[in-house]
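S.K.: Residue numbers 370 to 673, in this note's numbering, belong to the letters of the sequence shown in order. Following this message is one structure expressed as structure tokens.
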Amino acid sequence: MPLLDDIITGAVTEHTPLPTLLRQCLVLAHQLKNEKLKAWVEQELNGYKDAEALPDYRVVGAAATGSFAGPFGNVLNNQPLASSILKEDFRHWAEKVFLTQPIAAYDVGKDEDGSPNGGRIAWPQDLVNMYSDKFIKGWSLIRASQQIPGTVFTAILDTVRTRILQLALELKDELGDDTSDILGLPEAKVDQSVVNHIYGGNVVVAASAQQFSQLQSMTVTQNDLSGLLSAMKELGLVEQDVKKLEIAVKDDAKTGSKTVGQRTAEWLKDIPVALGNGTLKVGFDAARALATKFVLGYFGLGGS
Numbered sequence: 370m371p372l373l374d375d376i377i378t379g380a381v382t383e384h385t386p387l388p389t390l391l392r393q394c395l396v397l398a399h400q401l402k403n404e405k406l407k408a409w410v411e412q413e414l415n416g417y418k419d420a421e422a423l424p425d426y427r428v429v430g431a432a433a434t435g436s437f438a439g440p441f442g443n444v445l446n447n448q449p450l451a452s453s454i455l456k457e458d459f460r461h462w463a464e465k466v467f468l469t470q471p472i473a474a475y476d477v478g479k480d481e482d483g484s485p486n487g488g489r490i491a492w493p494q495d496l497v498n499m500y501s502d503k504f505i506k507g508w509s510l511i512r513a514s515q516q517i518p519g520t521v522f523t524a525i526l527d528t529v530r531t532r533i534l535q536l537a538l539e540l541k542d543e544l545g546d547d548t549s550d551i552l553g554l555p556e557a558k559v560d561q562s563v564v565n566h567i568y569g570g571n572v573v574v575a576a577s578a579q580q581f582s583q584l585q586s587m588t589v590t591q592n593d594l595s596g597l598l599s600a601m602k603e604l605g606l607v608e609q610d611v612k613k614l615e616i617a618v619k620d621d622a623k624t625g626s627k628t629v630g631q632r633t634a635e636w637l638k639d640i641p642v643a644l645g646n647g648t649l650k651v652g653f654d655a656a657r658a659l660a661t662k663f664v665l666g667y668f669g670l671g672g673s
């Protein structure tokens, strides 16, 4: 059976595990040479490194509850936590969750009553400590978390499966009776179908995912200074900050350092400033990880 028919069959039945279906889509993406489809499939299979690149179905509303310790050893559990008490940078910890893990992590099954299992995302202990005395007077917050209903996980799995089905059906309609001639599909038509069905018609998000995939595949070989500087420019850093990195690396080399020296380490420490100066092609966290990876690759530390 041609690959496209296999994908359609797998998408309409629950018997084909979603990771298996996605791996079939990865084969399809390589056959079609479509980077947008490849980027989406790889991130669904391996997880999203950049929360800013998450598709809308992976960002869901989720209130927070907490447990408090009070006088005479008393404890209050499952108390709602108002997001308005949190600073704006932390408010999402009581409003929404960013589901970045591989899709397989959300296939959590059902309980003995047949209801889908949910999940819970705990607050970082530092955040709990920061707001321990801010919610209930005389009581200390000792732990907090966001509860995710099992129906959310079910919806994510169903959304991914449905998007795959919609794409495969449209490509099949374009091919007609001979679904084996995948390479005969017009490149522009494939690209538009991927944007419409996989990225929900959002051209900007689709382009961002493609750029992230391309940047992630870039490598910097050991002692290739030109390659390192080119990678930083490709990431979106301005010439001035790339030049600072070049000077740092060369200065460290003069000291005989064959690994990350003091000047280069200082440049990495200040990387948030450099990223803020640039016009990044991916989100901040992803850009920081990629910049570090490129530098480590230059020094042969396995980061490339």
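Glycine residues also receive a C-beta, built at the ideal position from the N, C-alpha and C atoms.
Are there 16 or more other CB atoms within 10 angstroms of the CB of Q515, so buried, or fewer, so exposed?
M.R.: Taking the sequence shown and counting its residues from 1, the one referred to as residue 515 is at position 146. Q515 is buried by the Cβ-count criterion.
S.K.: I want to know whether the region 381–393 touches the region 445–456 - three or more CB-CB distances under 8 Å.
M.R.: The region 381–393, when compared against the region 445–456, does not touch it at the 8 Å Cβ threshold.
S.K.: Mapping the DSSP letters down to three states, classify H384 as helix, strand or coil.
M.R.: The residue labelled residue 384 in the question sits at position 15 within the sequence shown. Three-state result, H384: coil.
S.K.: Looking only at its own chain, which residues have a Cβ that is under 7 Å from the Cβ of K479, when we skip the five neighbours before and after it?
M.R.: As a position in the sequence shown, residue 479 is number 110, starting the count at 1. Excluding residues within five positions, the ones whose Cβ falls inside 7 Å are P485 and N486.
S.K.: In the DSSP assignment, find the unbroken beta strand (DSSP E) run with T714 in it and report its ends.
M.R.: An answer regarding residue 714 cannot be provided, because it is not within the stretch 370 to 673 covered by the chain.
S.K.: Taking just the CA atoms, how far does K612 sit from N646?
M.R.: Here residue 646 is taken as the residue at index 277 of the sequence shown, counted from 1. Here residue 612 is taken as the residue at index 243 of the sequence shown, counted from 1. So the two alpha carbons sit approximately 13 Å from each other.
S.K.: Report the start-end ranges of each beta strand (DSSP E) in the region 401–465 that is 3 residues or longer and not cut off at the edges.
M.R.: The qualifying runs are 428–430, 433–438 and 444–450.
S.K.: Which full runs of the alpha helix (DSSP H) of 4+ residues lie inside the region 532–574, going along the chain?
M.R.: Entirely contained in the region 532–574, the alpha helix (DSSP H) runs reaching 4 residues are, in chain order, 556–566.
S.K.: Let's test the definition: count the other Cβ atoms within 10 Å of the Cβ of S586 and tell me whether it reaches 16, buried, or not, exposed.
M.R.: Position 217 of the sequence shown holds residue 586. Classification of S586: exposed, given that the 10 Å Cβ count is below 16.
S.K.: Roughly how many angstroms separate the alpha carbons of M499 and G442, rounded to a whole number?
M.R.: Stepping through the sequence shown from its first residue, residue 499 is reached at position 130. Stepping through the sequence shown from its first residue, residue 442 is reached at position 73. So the two alpha carbons sit approximately 21 Å from each other.
S.K.: Please determine, among I505, R532 and V410, the residue with the shortest C-alpha to C-alpha distance to P440.
M.R.: Taking the sequence shown and counting its residues from 1, the one referred to as residue 440 is at position 71. It is I505.
S.K.: Is the beta carbon of E539 sitting closer than 7 Å to the one on L554?
M.R.: The sequence position of residue 539 within the sequence shown is 170, counting from 1. The sequence position of residue 554 within the sequence shown is 185, counting from 1. Not closer than 7 Å, so no.
S.K.: Pick from T633, E481 and K456: whose alpha carbon is nearest that of E615?
M.R.: Here residue 615 refers to the residue found at position 246 when the sequence shown is read from its first residue. Answer by Cα proximity: T633.
S.K.: With distances taken from CA atoms, which of W462, L468, A524 and I472 is nearest Q494?
M.R.: Reading the sequence shown from its first residue, position 125 is the one you call residue 494. Q494 has its Cα closest to that of W462, out of W462, L468, A524 and I472.
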